[in-house]
Structure formats: C-alpha cells, structure tokens
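First residue of the first sequence? That's 1 in the numbering used here, and the numbers climb one at a time after it. Every residue gets a Cβ at the ideal spot worked out from N, C-alpha and C, and that includes glycine. These numbers were taken from a predicted model, which means no experiment stands behind them. Structure, as structure tokens:
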Amino acid sequence: MQAVAGIDPELRPATKPQFGHFQSNVALRLAKSEGRPPREVATRIVAALDLDDVCEPVEVAGPGFLNFRLRAQVLAGSVTDLLADPAAGVGAAATSQTVVIDYSSPNVAKQMHVGHLRATIIGDCLSRVLSAVGHRVIAQNHIGDWGTQFGMLVEQILSDGIEVDALSLAEAEALYLRANAHFKASEEFAARARDRVVLLQAGEPDTRRIWQQLIEVSVAGFNATYARLDVLLTDRDLAGESTYNDDLPQVVADLEASGVAVVDDGALVVFVDGFNSPMIVRKRDGGYGYSATDLAAIRRRVRTFGADRLIYVVGSPQAFHFEQVLAVARLAGFLPPEVSAEHVAFGQIQGPDGRKFSTREGTAVPLTELLDAAEQQASPPIALAAIKYADLSTGLNKDYVFDVNRMVVTVGNTGPYLQYAHARVNQVLRKAEADGLGQPAAVTVLEDPAEQALALLLSRFGEVVDEVADSLQPHKLCTYLFDLATALSVFYEQCPVLKSAGDVRDSRLAICLATRRVLARGLYLLGIEAPERM
RNA sequence: GCGCUCGUAGCUCAGCUGGAUAGAGCGCUAGCCUCCGGAGCUAGAGGUCACAGGUUCGAAUCCUGUCGAGCGCGCCA
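Spelled out as structure tokens, the structure:
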C-alpha cells in the first residue's frame, strides 16, 4: 500500500463490519494533489495492488474508501499463530527500557479513600502492561511520610498519652483530625507542633520513634488494602518522601551552584520561562519544599536506577506542579534529554456535591467502605472486578462524582461481564477435555461471520497492548476486551462447539482456547482475576 | 486576573493524529432457555456532538470567541 500510494495508507480497522476488516482513506487524501476524483484514484490503486494471497478483492466504496477483507485462511492462520505463541501475540518492545512508575502514594496517618483507588489501580495496570512488553519496571510508592503535619501528630500523641503501636489506621486518622482541630484552636499547641517539627528534622530520638511507629501502623493498613485490592505493590516499592531527606542538601547545592536557583524574598526559588510563579525549593524558614523532594527523587531514579522513562500516576490537580518540577529538573540536568518523563494525570473523584473529597473535612469515603459495599453485591473477585473496571474503563482525564451504585454493577459493560465470558468459554473447554477431545492447535475452518469477527479481534491483542504501553491509557484495553467478550458471546450463541463435529469442532475449540488465553491475559493486565467458574 | 481539564442519547461514558448513516452500557419497548452457563443474545425507540464563527472536498474531532462545571497559580504536601 505504501509503495503503491506513495504515502502512509493509514490502514485502520474498519468502522463497520460491512466495510470489511480494514479500511483506508488514502485515495480521498490523494485526490486533491492528483487533481482527479477520489474514486478514480482508488481504482488506480486497487489495480496496482497485488494482495490476492492475503485479501479478498479490494473494494472501492462510498466516496473513495478502500475496503479490505482478509482471506479466511489468513485470519485462521493468525489465530493458530497466536495459540503457538506463549505471549499470546504480545511482542517485546524494540528496546527494553527501565521504567520507574510512581503510583498509589497514600499519606501516613490517613486511611486510603476512594481517591487513592485510581492512583493505585491505574499504576498497577500500567506496571503490568509495561512489564508485559518487556520493560524493567520499578514501582515507587511515594508515601507522604514527612512534613509539618508530623509536628502536630506527634504533639497530639504526647498530649493524649497514646500508645502508637496499638493504633489502627482508622484510629490514626481520627488522631490526625484531632491534631488538626487542635492546631487551629490553640496557638500554644500550634507553637509546640512547630517546635516538634524541628525536633523531628534534627533526629531527636523520642520524636523519631513515634514518627516511625506512625509509619509502621500506616503501612500495615496500606498493605491490608493492597492485599484486598490484589495489586502488585510490596514493601520493596516503598520510597516515601523521607527517603530523600539526606539528598536534599546536595540537590539544593547543585541548584545554587549552577545558578538555576536564586534567593528571592528569603526563599530559594527557580524561575522557569513560561511559568507565572517560581518553584520554591527551600522556604524562608530554611525548610525544604516538596518540590525539592521531587527533584531529589528524579535525580535518584535517573542516576541510581538508570531510568529511561519516568511515569507519575498522580491526580490532575498536580499537573502544574509536575510540569514545573520536570522543567526545573531538565534545567538542572537531573533529567537528561534522553530520559522521558510523563505525568499520567487522572481526574478527581468528587463527592456528591461536585467538590473534591477531603479527609480533613471528613467528606472522603474510605476505600474499605467501597469494597464492603461491592462485596454485598457479589463475591470478592467479582466485586473487585466491578470496581477496578469501573475505574479503568473511562478516560483518565475526566473527573467523576463518586457513586457506589455505579461501581458495583455486574451487568453490561463491566468487569464481571468479561469474567463471565472467560468462565463460559472455560466451561466449554472443560467439557471438551472431559470428553477427551484434546486441545486442537490449529484453526482450520473459519466460515461463520461470528467466528471471523472473533478471530479478527484476537489478532489485534498485541497491538492494543502496545498502544496502552505507549499511550498509558488503560481504558483502551478495557474497550478492546469488552469488544472481545461481546464477540465471544455472539460466537457462543451462533457457533456451536461441542455440538459440531470433525474439523469444525476442532477449529472452534482452537478459537475457544485462543480466546480464553487472551481474555485471561488481558484481565491480568488490568489487574483483574479471571475465575474459571463464577 | 492567568493557566489546565471537561461539556456527545433520559443516566454513565467511548469516539477527538479530520473521513462512510456519531457508538456502547444502563434504563425503556418487543422477542430468545427441547440447544456448550440468561452476569447472556436479538431487534426497536432515543442525539441541533454546550453555543457562535472560521479552516477544509469533508469537522464531534483542528482554530478563534462565548457560556457553563471542576481544578490549579512563591513559602501545606
């Protein structure tokens, strides 16, 4: 096509089944420069093409589209190939990169609420997808374990006489709320809290011990939630803000030495062209801003981990911050040109009032509450599938108003629908095995439109995964898997497998095997379990 | 004030590197279990793609403006 047309034919999946399998609008685009009617250009291209071995005769349709329909044997062969491929058509990327992906990042002494769901589940999915295409993925859970709030937390603990190691995370959150209120109400307490921050930074042993216990209590709570969410994060991935404390003086020294950072109004700041406000690296009181921590993290991820690509799965309210931090990191040389960095910004989950959830104001819904609600509708693996799919299947950038009822549905375009398709095809294969039919390795007959449609979708799995690895948009995988599950359902209604005989039966069994593998693998990449029965 | 994101069917959302009659799920209406699992399948009704201009052979998609919603913008993280 490229050779005949002279330009990229932009071969795309057909928008409708009656247009075949693939379509190209290349003739429409060439018509103007050639000064001839589009259909005439199309006819010329068709005449010059030699595709008889792969396609049915190419059709010129509508205003000048070219419609391609693969030969049944070619489609059948692609499914046979997929069956023989341990990776089910997912190929390794041309070059294997080291990808550092920053996600989840809850705050110490706060329960994870539904807003953390997106950060955790999206990051987990991207991590799986990037690994699947052959990259070395390093997850970093940048928990909020440092900052001025620990001054008031520690002071509140001391004034309440609490044993920290006996706290649950929910109790720690209540403590946080009390400390906040106390801080606002009492100037005397606020002063003690500020002094306590200084003690914490100076490494005073008792303060550090209480701080450390708070972290342990919190991490235990996070881990319980991670286990329930069935995500890949472990303690090895923990790299909280405090991790970078020792790096901060050097980072700041580098910035000053290179002249990137300057003192302004008492604070050390970086002015970047195109930004209407500077980035604060060190505050007037000498404390480091969180931008300094992010710069230190970038520096470590590049220099120590050897990252080729940095990914931040963080909500869109922080878009400006990351744009600025990344720009500064480039200026400072912490982030070389050959290392890419992307902020995967996802929309906020809002309360029923359309405003953002706030732990401090008590409007945030704890994640455990959502999981409990879902498990009243279905068993845990199904409930979790509903929740994850609901969150992954819409575009990243949109905010949405949190609605439990929407997230726990199990019919229609949902996670459980995908699981059901998997369980159903599994049932057919189980019976086939019980009947001693074995595992056919080749698709030899592909007559029915329903089985052709299914085969065509199966052959696209690899490119869809590639696209998600590239675009970092999990909902594209969701859309694909829903289409696949739908195609399977149609196939299931229209193409009897066990009731067929001979080559047709073997061929359909092979299609079932391939579909089961792709569904299971696709669900795995989303972080969703694929039960054999449900 | 400046910036970012969003506005598509009654509801929730795809489609946005410009291309054929704008798709899906839910809900609604009407069908489908002598047949491998009905969390399913088939059909139907339902849309000035926020609004107004512009570019183009062609605009939901690109550009400009307006309206509406959310978020962000030097010492919280």
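Cβ atoms of residue j and residue i: under 8 angstroms apart, would you say?
i	j	result
Pro13	Val26	no
Ala385	Gln377	no
His116	Leu367	yes
Asp247	Arg300	yes
Asp483	Leu513	no
Val133	Val197	no
Asp399	Gln439	no
Leu295	Ala267	no
Arg309	Ser340	yes
Gly538	Ala119	The question about residue 538 has no answer here: the residues shown for the chain are numbered 1 through 534.
Gln156	Leu130	no
Phe402	Gln324	no
Gly527	Ile121	yes
Glu256	Gly147	no
Tyr244	Ala297	yes
Gln149	Gly221	no
Ser459	Ser24	no
Val114	Val272	no
Val269	Val262	yes
Arg209	Leu371	no
Ala185	Asp254	no
By the 10 Å Cβ neighbour count, where 16 or more other Cβ atoms means buried, how is residue i classified, buried or exposed?
i	result
Gly123	buried
Asn107	buried
Pro449	exposed
Asp470	exposed
Gln494	exposed
Arg517	buried
Ala374	buried
Thr304	exposed
Thr225	buried
Asp145	buried
Ile7	exposed
Phe320	exposed
Lys499	exposed
Arg508	buried
Asn405	exposed
Thr515	buried
Glu451	buried
Gly151	buried
Ala202	exposed
Ser358	exposed
In terms of alpha-carbon separation, which member of the options lies closest to residue i?
i	options	result
Arg29	Arg406, Cys55, Phe65 and Phe22	Phe65
Val317	Ala329, Ala341 and Phe346	With the sequence shown as reference, residue 317 is identified as Pro, and Val is not the correct amino acid for it. Of the listed residues, the one whose Cα sits closest to Pro317 is Phe346.
Ala239	Ala390, Ile101, Arg194 and Ala329	Ile101
Ala170	Ala109, Val518 and Val133	Ala109
Phe275	Ala72, Phe322, Leu446 and Asp285	Phe322
Ala193	Pro205, Ile210 and Leu153	Leu153
Arg236	Ile215, Gly438 and Gln140	Gln140
Ser104	Ser127, Ala87, Ala92 and Ala84	Ser127
Lys476	Arg355, Arg44, Asp391 and Leu75	Asp391
Gly74	Ala227, Val443 and Phe402	The displayed chain sequence assigns Val, not Gly, to residue 74. Looking at the Cα atoms, Val443 is the closest of the given residues.
Val445	Leu310, Asn223 and Ile511	Ile511
Ala47	Arg508, His113, Gln350 and Val58	Val58
Gln97	Ala87, Tyr176 and Ile311	Ile311
Val260	Leu233, Ala327, Asp308 and Ala227	Ala327
Ser159	Met407, Ala172, Ala179 and Ala432	Ala179
Val408	Ala501, Ala423, Pro381 and Ala297	Pro381
Arg69	Ser291, Arg44, Phe334 and Pro17	Pro17
Val313	Thr479, Pro474 and Leu83	Pro474
Glu463	Pro496, Ile45 and Ala88	Ala88
Leu481	Phe357, Thr95, Phe461 and His21	Phe461
For my contact list, residue i and residue j are in at a C-beta cut-off of 8 angstroms; report their separation, rounded to the angstrom.
i	j	result
Cys55	Arg36	About 24 angstroms separates the two Cβ atoms, so there is no contact after all.
Leu523	Val425	The pair is not a contact, with the Cβ atoms about 12 angstroms apart (cut-off 8 angstroms).
Pro86	Pro63	So it is not a contact: roughly 44 angstroms between Cβ atoms.
Val465	Leu396	Incorrect: roughly 17 angstroms between the Cβ atoms, too far for contact.
Pro531	Ala432	Actually they do not touch by this definition, with Cβ atoms about 19 angstroms apart.
Ser218	Ala172	6 angstroms
Lys388	Gly412	Actually they do not touch by this definition, with Cβ atoms about 16 angstroms apart.
Leu418	Ala485	5 angstroms
Check your understanding: Could you give the uninterrupted runs of the beta strand (DSSP E) lying entirely in the stretch 94-179, keeping only those of 3 residues or more?
Key -> 98-102 and 136-140
Practice item. Run through the stretch 237-312 for me and flag every whole alpha helix (DSSP H) of 4 or more residues, listed as ranges in chain order. Key: 248-257 and 290-303
Check your understanding: Can you list the alpha helix (DSSP H) stretches of 4 or more residues lying completely in the stretch 2-76, in chain order?
Key -> 2-5, 26-34 and 38-48
Check your understanding: At which residue ranges does the stretch 388-469 contain complete alpha helix (DSSP H) runs of 4 or more residues, listed in the order of the chain?
Key -> 404-407, 415-434 and 449-458
**Study point:** beta strand (DSSP E) segments (min. 3 residues) lying fully within the stretch 315-366
**Key:** 340-346
Point to revise | Complete beta strand (DSSP E) runs within the stretch 204-239 (minimum length 3 residues, chain order) | key: none
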